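Chemist: In the UniProt record's numbering, the protein residues as written are 1 to 279. The structure that follows is given in the form of structure tokens.
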């Protein structure tokens, strides 16, 4: 387990020793003695938190709602910078699921999450406390990753796949880092625009144009965290100008590009997700 230090925060971060057997799954482990007001920054993946620590993390919304314990959140969760995670002695396995496989793993389409977080027990029922107990009893992070991976592989094998045309369109958007001409995707797969937009939204949880915007933002935000200037990032990542980048970053995070580099949720990624792949 490596150490991530950001300001006064000290986290333990673990990564699996081998890739998941399920394409589109990445995992990281976290041990955080004091999780103090961590802003949740939107990500293109479906986020799954499997917690097993002394006390569960809490997600607090600006509107007053909160979720406790293991949760699942749809793509783009946290838009506007209005969701914060807090807790003490938090231990969890965080899983990022490509929306292409999320329906099979979760048992419901990501569209039913619609950019929100729900308790995982609402989807998996009594399986959740059993998973929590097994993760807590494991003697190493690699054992925990193996347990989580076996669970995800079993559920994925039993679940329904998305349409191949939808999967291809998603992967095309990801490969282009959000710069693919989404209006041309329907013609590329031989579908009408209406059919692709409807199936894409229903099966992956967001429409193609929103997916492209979110993926482009994610790429730009990580370049800002790496210390690159906003003008250069805007020019290299497909924004019309620096003002366009500014509007997107504020819309997604609630802070300006100058401040986004200080977001711990983004800054930890180079340790937690070294491969940085979203398929």
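For each residue, glycine too, the CB sits at the ideal point set by N, CA and C. Only a predicted model underlies this, so the values are computations on that prediction, with no experimental measurement involved.
Between which two residues does the alpha helix (DSSP H) holding residue 119 run?
Modeler: Residue mapping note: residue 119 aligns to position 119 of the chain shown, counting from 1. Premise fails: residue 119 lies in the beta strand (DSSP E), 117-119, not in any alpha helix (DSSP H).
Chemist: Can you tell me which of 24, 34, 203 puts its alpha carbon nearest to the alpha carbon of residue 6?
Modeler: Here residue 6 corresponds to residue number 6 of the chain shown, with the count starting at 1. Residue 6 has its Cα closest to that of 34, out of 24, 34, 203.
Chemist: How long is the line joining the alpha carbons of residue 186 and residue 194, rounded to whole angstroms?
Modeler: As a first step, residue 186 is located in the chain shown; it is residue number 186 there, counting from the start. As a first step, residue 194 is located in the chain shown; it is residue number 194 there, counting from the start. Cα to Cα, residue 186 sits roughly 8 Å from residue 194.
Chemist: Enumerate, from N- to C-terminal direction, the unbroken beta strand (DSSP E) stretches of 3 or more residues contained entirely within the UniProt domain "HTH araC/xylS-type" (181-263).
Modeler: none
Chemist: Only counting the same chain, and skipping five residues up and downstream in sequence, which positions put a Cβ closer than 8 Å to that of residue 246?
Modeler: Position 246 of the chain shown, counting from 1, holds the residue named residue 246. Excluding sequence neighbours, residue 246 sits near 230, 256, 257.
Chemist: So what does DSSP say about residue 113, is it helix, strand or coil?
Modeler: Here residue 113 is taken as the residue at index 113 of the chain shown, counted from 1. DSSP places residue 113 in coil when its eight states are reduced to three.
Chemist: Classify residue 61 as helix, strand or coil using the three-state DSSP reduction.
Modeler: Counting from one through the chain shown, the residue named residue 61 turns up at place 61. Looking at residue 61 - three-state DSSP - the assignment turns out to be strand.
Chemist: By the 10 Å Cβ neighbour count, where 16 or more other Cβ atoms means buried, how is residue 21 classified, buried or exposed?
Modeler: Residue numbering aside, residue 21 sits at position 21 when the chain shown is read from its first letter. Label assigned to residue 21: exposed.
Chemist: Ignoring anything shorter than 3 residues, give me the beta strand (DSSP E) runs that lie fully in the stretch 87-175, in order along the chain.
Modeler: 117-119
Chemist: How long is the line joining the alpha carbons of residue 159 and residue 108, rounded to whole angstroms?
Modeler: Position 159 of the chain shown holds residue 159. Position 108 of the chain shown holds residue 108. Cα to Cα, the separation comes out at about 9 Å.
Chemist: Taking 8 Å as the cut-off, is the CB of residue 197 close to at least one heavy atom of the ligand ATP?
Modeler: This structure does not include the ligand ATP; it has no bound ligands of any sort.
Chemist: Would a C-beta distance cut-off of 9 Å place residue 155 and residue 106 closer than the cut-off?
Modeler: Walking along the chain shown from the start, residue 155 turns up at place 155. Walking along the chain shown from the start, residue 106 turns up at place 106. A contact, by the Cβ cut-off of 9 Å.
Chemist: Taking the alpha carbon of residue 341 as the point to measure from, which residue in 197, 29, 151 has its own alpha carbon closest?
Modeler: In this structure the chain extends from 1 to 279, so residue 341 is not present and cannot be described.
Chemist: Secondary structure at residue 6, three-state DSSP: helix, strand or coil?
Modeler: In the chain shown, the residue the question calls residue 6 occupies position 6. In the three-state reduction of the DSSP assignment, residue 6 falls in the strand class.
Chemist: Rounded to whole angstroms, what's the CA-CA distance from residue 30 to residue 12? Just pull it up for me.
Modeler: Mapped onto the chain shown, residue 30 falls at position 30. Mapped onto the chain shown, residue 12 falls at position 12. Looking at the two C-alpha atoms, the distance is approximately 6 Å.
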